[in-house]
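In the UniProt record's numbering, the protein residues as written are 1 to 329.
Every residue, glycine too, gets a C-beta built ideally from N, C-alpha and C.
Fair warning: this is a prediction, and the values are worked out from it, not measured in the lab.
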Amino acid sequence: MASSVVKTLARIKGTVESGAYYEAQQMYKTSFHRCKAKQQLDDAMQILQEGATTQLAHNQITCGVELGMLLLEAYASVDVRPDTASASRLLSIIRAFPPPPSPAAGASAGSQAPSTSKGSSSPVVDECARFVATAVKWAHKGGDSQSARRIHSAFASYLWKSFGAESFGRALPHFVRGCDADEFAEALHTCAAQGPASEVDLWLLRAMLQVLTAASSQRSDGLVAYAAYARAVFGAFTSRCGSALDTPTAHFTELVLLAVNAITSSPSAHQLLQLAKDRYGDAVLRRDQSFDPMLERLEAVYFNVRKGGAGGPFGGLLGGLLKSLAQAH
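Laid out in structure tokens, this is it:
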């Protein structure tokens, strides 16, 4: 970074610390546009990243998100592709989202932090979610599903650590599409433990099916990644239960995971899934009306088997992957 930019950032940070947030915001944007006009793109991006995280550190969520969105617009305008460096800038902004204030702090003048009365449903959290959704879209457009999953995980972590069980419904879609198995399992187990003990296995199966059906059949590597992620969440969850879950629903869940994790190594993977359905399906699937359609989608995505008999156990990209593996051996 040019020394002049370092000095500029230090000067603007001082303006933020003095409480002149609007003035600092205009200075960040002016400095960004100046560097961009000079084709000093790395410096321009750094200004927006540092500006966003600095404003967020002072509970200026609207200002921080505005600079983050400007960074994403800049990525699009100069065709910045997703990679470790470009995604890390976005992750640093998400990790800078401020936690909710205490009631006393929330009453202080000028604070833009989330209201504890609204929790994770507050408008300022909606602002954060808007940035996250745009960041995920940018990553997917660039063909980088791993960066998208890291972004999802970072936001899920923010929601969970900031708001706890109250935020689980909002965090769940991000946990499902994320990559942090341990934190997902922790959140899932914490919430399941607050309900009837007889329904802990339901929480687990529901989450596993949600993870597996979040995968796209258009990318065979994505299928493998989501299957491995689901298996990791399952292991981390059951380790928190003290003893292994010994229920038909838990056994069914494990067989489903064994089947989808065997898709690249065993031609009998779908037979294993069918065995699980034959042995446990009727009793398990009637416990939650969402299970049957999710299982149908799972079979379509992983095995190209659709209700009514269309397709075969290995079709599309998955069939091509298995064929290439067989030829390699």
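(request) Identify whether M1 lies in helix, strand or coil by the three-state DSSP scheme. (result) coil
(request) Pull up the CB-CB distance for residue 332 and I12, whole angstroms please, since I reckon it's below 8 angstroms. (result) Residue 332 falls outside the range modelled here, since the chain spans only 1 to 329, and no answer is possible.
(message) With a threshold of 6 angstroms on Cβ separation, who are the neighbours of V65 within its own chain once the five nearest residues in sequence on each side are excluded?
(response) E127, F131
(message) Pop quiz: V224 and H270 are said to be a contact at Cβ under 8 angstroms. What is the actual Cβ separation, rounded to whole angstroms?
(response) Contact doesn't hold; Cβ gap of about 16 angstroms is too wide.
(message) Judging by CA-CA distance, which residue of S88, T62, V80, S122 is the nearest neighbour of R150?
(response) S88
(message) Taking only three categories from DSSP, how would you classify F314?
(response) Interpretation of F314 is limited by its pLDDT of 43, a score under 50 that renders its predicted location unreliable; the figure taken from the coordinates is listed afterwards. Here F314 sits in coil by DSSP.
(request) Count the CB pairs spanning the region 250-266 and the region 161-175 that are closer than 8 angstroms, and state whether there are at least three. (result) no
(message) Please report the distance separating the alpha-carbon of R206 from that of S120.
(response) 22 angstroms
(request) Taking only the alpha-carbon atoms, compute the straight-line gap between residue 334 and S86 and give it to the nearest angstrom. (result) The displayed coordinates of the chain run from 1 to 329. Any statement about residue 334 would go beyond what the structure contains.
(request) Apply the 10 Å Cβ neighbour rule to D79 and answer buried if 16 or more other Cβ atoms are within range, or exposed otherwise. (result) exposed
(request) Determine the contact status of F97 and I61, defining contact as a CB-CB distance below 9 angstroms. (result) yes
(message) Can you tell me where the alpha helix (DSSP H) holding D126 begins and where it ends?
(response) 123-141
(request) In angstroms with no decimal places, state the Cα-to-Cα distance between S290 and A236. (result) 24 angstroms
(request) Would you tell me roughly how many angstroms separate the C-alpha atoms of F303 and A227, rounded to the nearest one? (result) 13 angstroms
(request) Name the residue from T8, A24, Y22 whose alpha carbon lies nearest to the alpha carbon of C35. (result) T8
(message) Quick check on this structure: which residue in R279, S268, V200 has the alpha carbon closest to the alpha carbon of G242?
(response) V200
(message) For a test of the three-state rule: what should DSSP assign to Q271, helix, strand or coil?
(response) helix
(request) Kindly confirm or deny that the region 65-77 and the region 134-153 touch, where touching means at least three C-beta pairs closer than 8 angstroms. (result) yes
(request) Less than 8 angstroms between the CB atoms is what I'm expecting for G178 and P82, so what's the real figure, rounded? (result) So it is not a contact: roughly 16 angstroms between Cβ atoms.
(request) Within 10 angstroms of the Cβ of T238, are there 16 or more other Cβ atoms? Answer buried if so, exposed if not. (result) buried
(request) Count the other C-beta atoms from every protein chain shown that fall within 10 angstroms of the C-beta of Y22, then say buried if there are 16 or more, exposed otherwise. (result) exposed
(request) For E186, collect the residues of the same chain with a Cβ closer than 6 angstroms to its Cβ; drop the 5 residues on either side in sequence, then sort them by chain order. (result) none
(message) Applying the 10 Å Cβ sphere with the 16-neighbour rule, what's the burial state of R231?
(response) buried
(message) Alpha carbons only, please: which of A193, S198, C63, P100 is nearest the one belonging to A20?
(response) C63
(request) Ignore the nearest five residues each way along the sequence and tell me which others in A262's own chain have a CB closer than 8 angstroms to its CB. (result) S268, A269, L272
(request) Could you give the DSSP three-state label for R240: helix, strand or coil? (result) coil
(request) Using alpha carbons as the reference points, say which of Q55, L295, S147 lies closest to G222. (result) S147
(message) With distance defined between alpha-carbon atoms, name the residue in T213, V284, T247, V233 nearest to A300.
(response) T213
(request) Specify the secondary structure class of F97 as computed by DSSP and reduced to three states. (result) coil
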